[in-house]
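Residues in the sequence shown are numbered consecutively from 0, following numbering that gives the first Met the number 0.
For glycine and all other residues, C-beta sits at the position ideal for the given N, C-alpha and C.
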Amino acid sequence: MGEGKNLVGVDIGTSSIKVVQIKESRRGLGLQRLGYSPLNPQTIVDGQVMDASAVVEGLMRVFHDAKIKQKEVAISVSGQSVIIRKITVPMMTREELNEQIHWEAEQHIPFDIKDVQVDYQVLRKKPETSQMELLLVAAKRDQINDYAQLARDAKLKPIICDIDAFTVQNMFEYSRGLPPDQTIGLINVGASLCSLNIIANGVSAFTREIANGGNVVTDEIQKALGVPYEQAEAYKCGGAADPGEPFRAGMVPQQVVQVVETVTDSIAAEIQRSLDFYLATSGEGEISRIYVTGGTSSLVHLAQAIERRARVPTEVWSAAERLQVEAREVDGNVLQLRAAQLSVAAGLALRHERETRQ
Ligand SMILES: Nc1ncnc2c1ncn2[C@@H]1O[C@H](COP(=O)(O)OP(=O)(O)OP(=O)(O)O)[C@@H](O)[C@H]1O
Ligand SMILES: [Mg+2]
C-alpha cells in the first residue's frame with residue numbers, strides 16, 4: 000500500500016537514463032515530468048557501470064533539463080546480480096519467517112548470503128502439507144549500493160530499490176490488469192538485456208534475464224555494412240544517420256532489414272528456450288498471451304518472431320498508454336519517441352515515499 004507522494008522513477012539503463020514523475024489520482028496517472036538522457040555506449044557495458052561520473056552527470060543533467068525539483072527517487076537493479084526463485088518452506092508466522100529467511104535463502108542462491116539483500120513475498124499457503132510457497136528475491140548489495148551511490152552523488156535521495164522485472168509487472172498490472180486465471184509472458188527487451196517474466200494467475204511464476212538486446216542488432220549492422228556505430232544505430236531506428244535530417248525510410252539499405260530480421264529472430268529463439276524450460280518444469284498452464292516492451296520492441300520484427308516461435312499471440316505494450324500529460328514541461332515528442340523505453344521508469348514512479356507491507 001502506498002502512502003505519501005509518488006517517488007520519481009529513475010531507470011539507469013545501458014543505453015540511457017529515463018526519468019518519470021507522475022501524480023496518481025482517481026483520473027489516472029498524470030505525467031508531471033519526463034526526462035531522457037542517452038548514455039555513451041562505453042558508460043555501462045553489459046549492466047556494469049564503467050564510467051560512474053558519466054552516469055552522475057547524466058542524472059544531474061536530466062533532472063535539470065526536465066525541471067524536476069523532487070529529490071526522492073526509486074531506482075532499480077537487474078541482470079546477473081538479481082536472483083528470483085519460487086521456494087517452499089514449512090508453514091510459519093511472519094516473525095518466524097523474518098528470522099528464518101536468511102537461512103532458507105542460503106539453500107537457494109549461489110552467492111554468499113552476506114553479500115545479498117534478501118526479500119520475499121508469500122505466494123500461497125498450503126495447510127494440507129503444512130507448507131507455504133514464497134517468492135524469494137535476492138540482489139547483490141554491491142550493485143544496490145553502487146546504484147544508490149550514483150543517485151546520491153547526483154544529489155538525489157534514493158528511497159526504494161526495486162527489480163526491473165517487478166517494476167514492469169507493476170506498471171503492466173496498473174495498465175492492463177493481471178488476468179486472474181491465465182498465464183501471460185511479459186518481456187522487456189532493452190539495449191543489453193532481455194528480461195522475461197511469466198505471470199501465472201496474477202503472480203510471477205518464472206523470471207529469466209537473457210544477455211541479448213538491441214545492442215547486438217546495432218553491432219551486427221555495423222559489421223555487415225562497415226559503418227560507424229551512430230550510423231548503424233540510426234539505420235536500425237529507421238532513419239537517416241543525421242538526426243537533423245528528415246526521416247526517409249527509403250534511405251535505409253535493404254541489408255539493414257535482413258540483419259534486423261536475423262538478429263531479432265535469434266533473440267526470439269533465446270526467449271523460446273526459456274519458455275520451453277518454463278513449460279517443461281512448472282506444471283502451470285499454457286501461456287495465453289505475450290507482451291513485449293522496452294526500446295527494442297520498437298523493431299516490429301521482434302514481436303513477430305516471438306509470436307511465430309512461441310505460437311502465442313504477441314503484442315507490443317508500452318507504459319505510455321496510461322500516462323496523461325499534465326504539465327507543459329513534458330515534451331510530447333519525447334513521450335511518443337521514447338514510449339517503449341519507459342516501462343521501468345514509469346513502474347518505479349508508481350512507488351511511494353512511505354509504503355506499508357501488505
Ligand atoms: N525506434 C527504435 N527502433 C529500434 N530500436 C530502438 C528504437 N528506439 C530505441 N531502440 C533501441 O532500444 C534500446 C534501448 O531500449 P531501453 O531504453 O529499453 O534499454 P535500456 O534500459 O537502456 O537497456 P537495458 O535495459 O538493456 O540495460 C537500444 O538498443 C536502442 O537502440
Ligand atoms: Mg532497461
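Between the alpha carbons of residue i and residue j, how many angstroms are there, rounded?
{"i": "valine 9", "j": "glutamate 127", "result": "43 Å"}
{"i": "alanine 333", "j": "tyrosine 35", "result": "Looking at the sequence itself, residue 333 is valine, so the reference to alanine does not match. In a straight line, the C-alpha of valine 333 is about 8 Å away from that of tyrosine 35."}
{"i": "tyrosine 173", "j": "glycine 282", "result": "27 Å"}
{"i": "tyrosine 234", "j": "glycine 57", "result": "25 Å"}
{"i": "glutamate 98", "j": "proline 89", "result": "13 Å"}
{"i": "leucine 133", "j": "threonine 206", "result": "14 Å"}
{"i": "glycine 243", "j": "valine 251", "result": "For glycine 243, the predicted structure reports a pLDDT of 49, less than 50, and the residue's modelled location is therefore unreliable. The matter cannot be settled from this model."}
{"i": "alanine 65", "j": "arginine 84", "result": "38 Å"}
{"i": "isoleucine 82", "j": "aspartate 145", "result": "17 Å"}
{"i": "arginine 288", "j": "proline 312", "result": "5 Å"}
{"i": "valine 61", "j": "glutamine 41", "result": "19 Å"}
{"i": "serine 75", "j": "isoleucine 11", "result": "8 Å"}
{"i": "alanine 267", "j": "glutamate 94", "result": "43 Å"}
{"i": "glutamine 20", "j": "isoleucine 305", "result": "32 Å"}
{"i": "serine 52", "j": "lysine 113", "result": "28 Å"}
{"i": "isoleucine 16", "j": "arginine 32", "result": "14 Å"}
{"i": "glutamine 254", "j": "glutamine 230", "result": "14 Å"}
{"i": "aspartate 218", "j": "glycine 78", "result": "20 Å"}
{"i": "valine 121", "j": "aspartate 50", "result": "38 Å"}
{"i": "valine 167", "j": "arginine 175", "result": "12 Å"}
{"i": "asparagine 39", "j": "valine 54", "result": "9 Å"}
{"i": "valine 18", "j": "glutamine 303", "result": "29 Å"}
{"i": "glycine 46", "j": "arginine 337", "result": "20 Å"}
{"i": "glutamine 181", "j": "isoleucine 286", "result": "7 Å"}
{"i": "aspartate 264", "j": "arginine 25", "result": "41 Å"}
{"i": "glycine 225", "j": "serine 297", "result": "24 Å"}
{"i": "proline 178", "j": "isoleucine 67", "result": "35 Å"}
{"i": "alanine 73", "j": "aspartate 330", "result": "22 Å"}
{"i": "lysine 4", "j": "histidine 107", "result": "36 Å"}
{"i": "arginine 310", "j": "proline 37", "result": "35 Å"}
{"i": "glycine 213", "j": "proline 227", "result": "16 Å"}
{"i": "methionine 131", "j": "arginine 123", "result": "6 Å"}
{"i": "aspartate 141", "j": "valine 48", "result": "12 Å"}
{"i": "arginine 321", "j": "valine 259", "result": "29 Å"}
{"i": "aspartate 111", "j": "serine 129", "result": "29 Å"}
{"i": "alanine 279", "j": "glutamine 221", "result": "38 Å"}
{"i": "glycine 284", "j": "phenylalanine 171", "result": "20 Å"}
Should residue i and residue j be called a contact, given that it needs their Cβ atoms to be closer than 7 Å?
{"i": "glutamate 2", "j": "arginine 350", "result": "no"}
{"i": "glycine 27", "j": "glutamine 323", "result": "yes"}
{"i": "valine 315", "j": "valine 291", "result": "yes"}
{"i": "valine 117", "j": "isoleucine 100", "result": "yes"}
{"i": "asparagine 169", "j": "glycine 346", "result": "yes"}
{"i": "glutamate 269", "j": "isoleucine 209", "result": "yes"}
{"i": "methionine 59", "j": "alanine 150", "result": "no"}
{"i": "valine 262", "j": "valine 299", "result": "no"}
{"i": "lysine 139", "j": "serine 80", "result": "yes"}
{"i": "glutamine 335", "j": "arginine 308", "result": "no"}
{"i": "asparagine 196", "j": "alanine 223", "result": "no"}
{"i": "leucine 301", "j": "alanine 319", "result": "no"}
{"i": "threonine 13", "j": "isoleucine 43", "result": "yes"}
Measure the beta-carbon distance from residue i to residue j and round it to whole angstroms, keeping in mind my assumption that it falls under 8 Å.
{"i": "glycine 294", "j": "alanine 147", "result": "Not confirmed; about 24 Å, so no contact."}
{"i": "isoleucine 186", "j": "cysteine 193", "result": "7 Å"}
{"i": "isoleucine 162", "j": "valine 136", "result": "6 Å"}
{"i": "serine 317", "j": "alanine 348", "result": "In fact, because the Cβ distance is near 14 Å, the residues do not count as touching under 8 Å."}
{"i": "valine 7", "j": "glutamate 71", "result": "7 Å"}
{"i": "glutamate 103", "j": "isoleucine 86", "result": "7 Å"}
{"i": "lysine 22", "j": "glutamate 328", "result": "Not confirmed; about 13 Å, so no contact."}
Which residues does DSSP pair with residue i in a beta bridge?
{"i": "threonine 182", "result": "Ala199, Ile286"}
{"i": "tyrosine 35", "result": "Lys17"}
{"i": "glycine 27", "result": "Ser24"}
{"i": "glutamine 120", "result": "Leu134"}
{"i": "glycine 8", "result": "Val19, Ala73"}
{"i": "proline 157", "result": "Val72"}
{"i": "phenylalanine 205", "result": "Ile197"}
{"i": "arginine 84", "result": "Leu135"}
{"i": "threonine 292", "result": "Asn187"}
{"i": "leucine 322", "result": "Leu28"}
{"i": "isoleucine 162", "result": "Val76"}
{"i": "glutamate 314", "result": "Tyr290"}
{"i": "lysine 125", "result": "Gln130"}
{"i": "arginine 353", "result": "Glu2"}
{"i": "proline 89", "result": "Gln130"}
### Task
Count the CB pairs spanning the segment 141–161 and the segment 200–211 that are closer than 8 Å, and state whether there are at least three.
no
### Task
Kindly confirm or deny that the segment 268–281 and the segment 219–237 touch, where touching means at least three C-beta pairs closer than 8 Å.
no
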